[in-house]
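Participant:
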Amino acid sequence: MAKQSEKIGSPQRKQRKGAPVRSALVSRSEFLQGRDRDIALIDQMIARIDQGGSTLVISGEPGIGKSALLDEARHRACERDLTVLSMTGVLAEVHLPFAALEQALRPLMKEAVNLVPRQRSALFSAFGMHDDTGAPDIFLVALAALSLLTESAARRPILLIADDAQWLDEATYEVLAFISRRLSSDPIVLFVAMRDGFDRLFGDPSHLRLRLSGLSEADAGHLLDAHAPDLSVDLRSRFLQEAAGNPLALLELPRSKRDIRDTTWLPLTERLERAFSSRLADLPAATRMLLFVAAENDGTSLHEILRAGKALLGEEVDVSALTPAIAARLIDLDETEVRFRHPLVRSAMHQAADLATRHRIHAALAAIVHEELDRHLWHRAAATIGPDEKLAGEYDAMASRALRKGAVAMAIEVLEKAAALSSTPRARSDRFLRAAELAADLGQPDLLERLLRQANISEPDPVASARIGWCREMGQPPMVNDPAKIPSLVGLAAEANAAGATDLASNLLWRAAQRCWWSNAEADLRKSILMAANRLDLPDTDPRLIAISAYVEPLHLGGEISGKLQQLAGRNGGNPVAARILGSAANVIGAFDLGVGLLTYSAAALRDQGRLSDLARVLFAQAWAEMEVGDWTGAMREAEESVRFAEETGGTLWIAAATIVKARLAGMMGNLDQSQAYAAQAERLVVSVGASFLLAMLQIARGTAAIGAGRHWEAYEHLRRLFIPADPAFNSGLQFFGLADFVEAAVFSGHAETAEEVIEEMQRVAGPSPVPWVETMLSYGKALLATPAEAERFYLQGLGPCASKWPFLRGRLLLAYGIWLRRQRRSADARAPLREARDIFDALSALPWSERAREELRASGEASRKRTEYVWEMLTPQELHIAQLAAEGLSNKEIGARLYLSHRTVGYHLHRIFAKTGVTSRSALRPILTDAVNPKS
139 MAKQSEKIGS
149 PQRKQRKGAP
159 VRSALVSRSE
169 FLQGRDRDIA
179 LIDQMIARID
189 QGGSTLVISG
199 EPGIGKSALL
209 DEARHRACER
219 DLTVLSMTGV
229 LAEVHLPFAA
239 LEQALRPLMK
249 EAVNLVPRQR
259 SALFSAFGMH
269 DDTGAPDIFL
279 VALAALSLLT
289 ESAARRPILL
299 IADDAQWLDE
309 ATYEVLAFIS
319 RRLSSDPIVL
329 FVAMRDGFDR
339 LFGDPSHLRL
349 RLSGLSEADA
359 GHLLDAHAPD
369 LSVDLRSRFL
379 QEAAGNPLAL
389 LELPRSKRDI
399 RDTTWLPLTE
409 RLERAFSSRL
419 ADLPAATRML
429 LFVAAENDGT
439 SLHEILRAGK
449 ALLGEEVDVS
459 ALTPAIAARL
469 IDLDETEVRF
479 RHPLVRSAMH
489 QAADLATRHR
499 IHAALAAIVH
509 EELDRHLWHR
519 AAATIGPDEK
529 LAGEYDAMAS
539 RALRKGAVAM
549 AIEVLEKAAA
559 LSSTPRARSD
569 RFLRAAELAA
579 DLGQPDLLER
589 LLRQANISEP
599 DPVASARIGW
609 CREMGQPPMV
619 NDPAKIPSLV
629 GLAAEANAAG
639 ATDLASNLLW
649 RAAQRCWWSN
659 AEADLRKSIL
669 MAANRLDLPD
679 TDPRLIAISA
689 YVEPLHLGGE
699 ISGKLQQLAG
709 RNGGNPVAAR
719 ILGSAANVIG
729 AFDLGVGLLT
739 YSAAALRDQG
749 RLSDLARVLF
759 AQAWAEMEVG
769 DWTGAMREAE
779 ESVRFAEETG
789 GTLWIAAATI
799 VKARLAGMMG
809 NLDQSQAYAA
819 QAERLVVSVG
829 ASFLLAMLQI
839 ARGTAAIGAG
849 RHWEAYEHLR
859 RLFIPADPAF
869 NSGLQFFGLA
879 DFVEAAVFSG
889 HAETAEEVIE
899 EMQRVAGPSP
909 VPWVETMLSY
919 GKALLATPAE
929 AERFYLQGLG
939 PCASKWPFLR
949 GRLLLAYGIW
959 LRRQRRSADA
969 RAPLREARDI
979 FDALSALPWS
989 ERAREELRAS
999 GEASRKRTEY
1009 VWEMLTPQEL
1019 HIAQLAAEGL
1029 SNKEIGARLY
1039 LSHRTVGYHL
1049 HRIFAKTGVT
1059 SRSALRPILT
1069 DAVNPKS
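Okay, here's the thing in structure tokens:
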């Protein structure tokens, strides 16, 4: 198993069970020859641990001294009385999810009972301590691990070490990356060492990085002379040249002088492996066999190795059989564990054993570890040649266990192995398809394609074909302008439905409908989707059926869909998935008042489950809905958090989408420079993924900001792009989102005729019963275009009961109505709507509009008070979020669990909040946050 963690309290250095021993090849000071600057960096990071945590990623070729530096860090942490927790990646253990993490956290697990229940359950499930039916998301496990570390670090600083990180199991690696991004406020230092040449990118650009190069010629000579003093001048020069400053090579190549002529053409790594394997010839047969067993075992247990050796050799063997291997500097041994001195030694032993021997070893190990089911199965499979359907079925169960632990990547690997063991082509294909479906959810297109190619459906199977189509569709980035994919999705849905796979058919049609909205599909395509959906015989209340109608005909069917949503919004049955689908459908048709509640419910469930990738997407949608219903502080809060989680999970689309929300909010608040910066950032991301839907949203954001600045001609140029078919921002399903802005920009920039055409087209498509938001915008547009005799009727119509749901739109209607009244020489009548408009804009912080309302009030003969500035407006969105949660009575630990932060980070933010607001207690926050929570409209 991964190396045991240790808790060190004594300044005296002791070799402890499980502590890395690789540097024992030589003394620490000798192996670190020429590393003074690197040691100084490590020493500085450890010395400053009380000022906040940090991460250092150390990289380099094998044998360059990474582990020696980590050992030095461990020694210096001992001297400062730090807790030291260690994990080491081992190639033979990568199939054991969370194995390395469990070993590192084992000394802290007694404290796990103090975790909040959902975190405790997730961690216990991940470590197999109980078998939950619900699968914890990897990020919930990561949050539990972070909480455990930070709680312990509050009492005693921690040095967390991860050596050979390129071989950590995938689940541990993801958790470690999550933790590394959240250490700035905690006394935890993380050192991660990994080899060059691996594709794994750890952490983010803010982490310190140290790449170790070879020793200088002088330092290399000193190290070589200390350990091979009797070399001839020629050989000394030859070894210095071949080692190229690599400390391990300087130590090990001289021990194999007899092989140098045969190996100098090989890469250094292979020469070192040859150097280690060359020592086998001088070892007894029993010792060689035990070394081969140790190399194939996915654990370090001396007991296991000796038992397997006995079974293979047919005779009793004891620990003395390993003494020659210790003398040959191949392994280290304590009372219970055998460890190779370097991963290259293990690799050399593996290469030296022939295939038949390795099969026999795995069979012996499988018999020994039978009580550890997953290990037992791995060894059985490694000893198996050809199909074995019974074993494949057991691997299916192993995949299910991996999923229950939250280890999706591991489940994919297990299913691949099960497919290889399958006895029939159909079983093989089905397992590859199941693995592909998981890969599609992970968003790994290269892995997905490899799995689908291996599925190799050789006989007609409409359901399998539809599953492949679904996987390929879900494995692609969404929101790509490609309507050509829609007919294929409709066809696959028909095949799946005919074969009885209604659920799959529903998903395929839902995706086809989404592509309609993204891709400006023709009317015939949209009609084909609706017809196909009606053939599924789904209940009228099925969320996917409602969503299909919404995405296909958002404006035309909006009124009908809104009625269904009103019936369902209050009784989603506690189903967060249904709430997410219905909330998205509500947003698509412009029923944001219904979408807010549904999306808020879905976001809360996703947050509890730790599904940060999905949460980023839902938070963006929630932010857009909150923006339209007038909760701008909530919208900015959700948008900021969406960006943070999308960055965490690689969701470029959602970073762009949430940044567009931020751009529009900043523009409406009058922060034009910030709005333009957000817009430019979003545009770079949108162009990189070709999402025209987001480009249309971006133009709406830019148009709104330009209107606020009084630049209607500029707003018109931004917004008209949504209506030009050849423009990348053209989007027929989204045009009505910018209706009010477009008409206002057109009217005040001399394009009233174009505005009239758009109003007429929108009115025609929407029919007699548009959703209230659209109806209000149509009234606003008609009022701006109307003759003096007709205008007031449209203003009053727009200001009906429905307008109260859209404060910003209502405020603009009131402002325009007040201006119209004043220009009709009805100044006294104008003051009431202008006064109300001013108050709405003040509450929203829509400063350009509130200033315009004040100007109009002055022109009507009424002085206007200054806008009240609120203390909470000095806070960043994240600080405001934390302040609101603290005011609700949540503890730092509870807030951290909600926001996926350490409790100490929450404390740091609260300290800044208190300083900015001038309060000294959590209870004092509530009064100053009242207007942020409940803005007046």
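Residue 421 in this note's numbering sits at position 283 of the sequence shown, and the numbers go up by one each step. For every residue, glycine included, the Cβ atom is placed at its ideal position computed from N, Cα and C.
1. Leaving out five residues before and five after Thr1043 in sequence, what residues of the same chain have Cβ atoms less than 8 Å from its Cβ?
2. Starting from Ala577, trace the alpha helix (DSSP H) in both directions and tell me its first and last residue.
3. Using three-state DSSP, classify Thr407 as helix, strand or coil.
4. For Val431, which residues of its own chain have a beta-carbon under 6 Å away from its beta-carbon, when the five flanking residues on both sides are left out?
5. Taking Trp123 as the reference, give the member of Ser942, Ala883 and Leu298 with the closest Cα.
6. Please work out which residues of its chain come closer than 6 Å, Cβ to Cβ, to Ile146, disregarding the five sequence neighbours upstream and downstream, and give them in chain order.
7. Run through DSSP, which three-state label would Ala331 get?
8. Please report the distance separating the alpha-carbon of Leu720 from that of Ala685.
9. Alpha carbons only, please: which of Leu239, Leu286 and Leu369 is nearest the one belonging to Leu1039?
10. Report the three-state DSSP secondary structure of Ala864 (helix, strand or coil).
11. What three-state label does DSSP hand Phe340 in the structure shown?
12. Tell me whether Thr461 sits in a helix, a strand or coil according to DSSP, three-state version.
13. For a quick check, are the C-beta atoms of Phe880 and Ala893 less than 8 Å apart?
14. So within the stretch 244 to 306, which uninterrupted alpha helix (DSSP H) runs reach at least 4 residues, ignoring any that extend past its ends?
15. Is it right to say His1047 is buried, meaning 16 or more other beta carbons lie within 10 angstroms of its own, or is it exposed?
16. Mind the definition here: the stretch 812 to 832 touches the stretch 784 to 802 only if three or more C-beta pairs lie below 8 Å; say whether that holds.
17. Can you look up Thr1055 in the DSSP assignment and give me helix, strand or coil?
18. If contact is defined by three or more beta carbon pairs under 8 Å, each pair taking one atom from either stretch, is the stretch 308 to 320 in contact with the stretch 232 to 241?
19. Using only the alpha-carbon positions, how far apart do Ala929 and Arg950 sit?
20. Of the residues Leu460, Ala449, Ala729 and Leu471, which one's Cα is nearest the Cα of Ala505?
21. Short check: CB of Ile624 to CB of Ala661, under 8 Å?
22. Less than 8 Å separating the beta-carbons of Leu647 and Ala622?
23. Could you tell me the alpha carbon to alpha carbon distance between Trp770 and Tyr854, rounded to whole angstroms?
24. Can you tell me which of Ser826, Arg417, Gln935 and Ser830 puts its alpha carbon nearest to the alpha carbon of Asn658?
25. According to DSSP, which residues form a beta bridge with Asp470?
26. Along the chain, where does the beta strand (DSSP E) containing Ala823 start, and where does it finish?
27. Distance, Cα to Cα, Tyr918 vs Phe932?
28. Helix, strand or coil: how does DSSP classify Ile523 here?
29. What distance in whole Å lies between the Cβ atoms of His268 and Met548, which are believed to be in contact at a cut-off of 8 Å?
30. Could you have a look at Thr221 and say whether DSSP puts it in helix, strand or coil?
31. Name the two residues that bound the continuous alpha helix (DSSP H) containing Val601.
32. Quick check on the DSSP output: what are the complete alpha helix (DSSP H) runs of length 4 or more inside the stretch 644 to 690, in order along the chain?
33. Tell me the rounded alpha-carbon separation between Ile398 and Ile523.
34. With DSSP collapsed to three states, give me the class of Ser197.
35. Please check the pair Asp1092 and Arg749, which I expect to be a contact at CB under 8 Å, by giving their CB distance rounded to whole angstroms.
36. Taking the continuous alpha helix (DSSP H) assigned at Leu362, which residues delimit it?
Facilitator: Considering the structure as presented:
1. Within the same chain, Arg320, Ser322, Ser323, Asp324 and Gly1034 come within 8 Å of Thr1043 by CB-CB distance, once the 5 residues on both sides are set aside.
2. It spans Pro563 to Leu580 - the alpha helix (DSSP H) in which Ala577 sits, taken as one unbroken run.
3. Here Thr407 sits in helix by DSSP.
4. Shown here for Val431: same chain residues with a beta carbon closer than 6 Å to its own, the five before and five after excluded, namely Ile443, Ala446, Gly447 and Ile499 in chain order.
5. Only positions 139 to 1075 of the chain appear in the structure, and residue 123 is not among them; the question remains open.
6. Because the pLDDT of Ile146 is 34, which lies under 50, any placement of that residue in the model is unreliable, and the number read from its coordinates should be weighed accordingly. Within the same chain, Cβ atoms closer than 6 Å to the Cβ of Ile146 are found at Cys216 and Val222, the five residues on either side in sequence being excluded.
7. In this structure, Ala331 counts as strand in the three-state DSSP scheme.
8. For Leu720 and Ala685, the distance between alpha carbons rounds to 7 Å.
9. Residue Leu286 is the option with its Cα nearest to Leu1039.
10. In the three-state reduction of the DSSP assignment, Ala864 falls in the coil class, being assigned neither a helical nor a strand state.
11. In the structure shown, Phe340 sits in coil (DSSP, three-state: anything other than H, G, I, E or B).
12. It is helical.
13. Yes. Within cutoff.
14. Secondary structure remark: continuous alpha helix (DSSP H) runs of at least 4 residues inside the stretch 244 to 306, in chain order: 255 to 264 and 276 to 291.
15. His1047 is buried by the Cβ-count criterion.
16. Because the criterion of three Cβ pairs below 8 Å is met, the stretch 812 to 832 and the stretch 784 to 802 touch.
17. In the displayed model, Thr1055 falls within a helix according to three-state DSSP.
18. At 8 Å Cβ cutoff, the stretches touch.
19. Cα-Cα distance, rounded: 15 Å.
20. Residue Ala449 is the option with its Cα nearest to Ala505.
21. Taking C-beta atoms as the reference points, Ile624 and Ala661 fail to come closer than 8 Å.
22. Between Leu647 and Ala622, the CB-CB gap reaches or exceeds 8 Å.
23. In this model, Trp770 and Tyr854 are separated by some 24 Å (Cα to Cα).
24. That would be Ser830, whose Cα lies nearest to the Cα of Asn658.
25. Here Asp470 is bridged, per DSSP, to Arg477.
26. At residue 823 the sequence reads Leu, which differs from the Ala that was named. Per DSSP, Leu823 belongs to no beta strand (DSSP E); it is in the alpha helix (DSSP H), Leu810 to Val827.
27. In this model, Tyr918 and Phe932 are separated by some 7 Å (Cα to Cα).
28. DSSP, read as helix, strand or coil, puts Ile523 in coil.
29. That pair is no contact at about 18 Å.
30. Secondary structure of Thr221 (DSSP, three-state): strand.
31. Run containing Val601: Pro600 to Met612, per the alpha helix (DSSP H) assignment.
32. Fully contained in the stretch 644 to 690 are the following alpha helix (DSSP H) runs of length 4 or more, in chain order: 661 to 672 and 681 to 690.
33. Confidence at Ile398 is low in this model, with a pLDDT of 49, below 50, so the placement of that residue should be treated as unreliable; the coordinate-derived value is given next. Their Cα atoms are separated by approximately 37 Å.
34. Here DSSP, grouped into helix, strand and coil, assigns Ser197 to strand.
35. Because the chain is modelled from 139 through 1075, residue 1092 falls outside the range shown and cannot be assessed.
36. Start and end: Glu355 to His365.
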